Amino acid sequence: MAKKAFFLMILIIMMLSSTACFNLHVESDVDFPAGRFSAAWERIALLDRHNPDRVGRAREMHMLVYDGESRELVSGTVPMWLVRLGGEEGKKHGNGRPQEVASRYVDLDQCCMNEMSRLGPGLLVQVDDQGDDTHVLLWLE
62 MAKKAFFLMI LIIMMLSSTA CFNLHVESDV DFPAGRFSAA WERIALLDRH
112 NPDRVGRARE MHMLVYDGES RELVSGTVPM WLVRLGGEEG KKHGNGRPQE
162 VASRYVDLDQ CCMNEMSRLG PGLLVQVDDQ GDDTHVLLWL E
């Protein structure tokens, strides 16, 4: 995938290298998948309606990433224990400095990854870069 997948790709690669307990699909040659993003937003809205205070712990992190330049769509589900494991591995091997991703510096705070499940189900990250035709949705369930 092109350089525009932001810090999400770093997170995915780190988690995938730890174990094989995940669900990941990469589709090539995809026109913008508006239906897939719409369905994801409906799911997020349903989670928000049923739990507006985001009470409880999340069990899974869901992702939907589209890169218009390469026309690739990445979708997947990662259990929260694996996200926490990725945070622990990042602490062990990270240098504690912001990383350059897509010509920008991103501070990947590892302790934040370990505490994500405490947020409860709902939207985590939304990025829509119309100029680069890059779209990212992360949510917790």
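For the sequence shown, the positions run 62 to 202 when the working numbering is used. Ideal placement from N, C-alpha and C gives every residue a C-beta, glycine not left out. On a predicted model such as this, the values are computed, not experimentally measured, just so you know.
- Separation of the CB atoms of G137 and H196 is rounded to 15 Å, and the pair is thereby denied contact status at 8 Å.
- Closest in C-alpha terms to R97, from the list R120, R115, V135, D190, comes V135.
- Three or more pairs of CB atoms, one per stretch, sit closer than 8 Å, so the region 183-193 contacts the region 103-116.
- For G183, no alpha helix (DSSP H) segment is defined; the enclosing uninterrupted segment is the beta strand (DSSP E) at 183-190.
- For L199, the enclosing beta strand (DSSP E) begins and ends at 195-201.
- Sorting S131, L201, M177 by C-alpha distance to the C-alpha of L146 places M177 at the top.
- Distance from E202 to A119 at the Cβ level is roughly 6 Å; contact confirmed, criterion being Cβ atoms closer than 8 Å.
- In terms of Cα proximity to G129, the closest of S89, W200, Q187 is S89.
- For the options D194, W200, V116, the alpha carbon positioned closest to that of E133 is the one of D194.
- In the assembly as shown, W200 is a buried residue. Its beta-carbon has 16 or more other beta-carbons within 10 Å.
- L107 sits exposed, since fewer than 16 C-beta atoms from the chains shown fall within 10 Å of its C-beta.
- If you compare the alpha carbons of Y127, V144, S131 with that of V188, the shortest gap goes to Y127.
- For D109, the three-state secondary structure derived from DSSP is helix.
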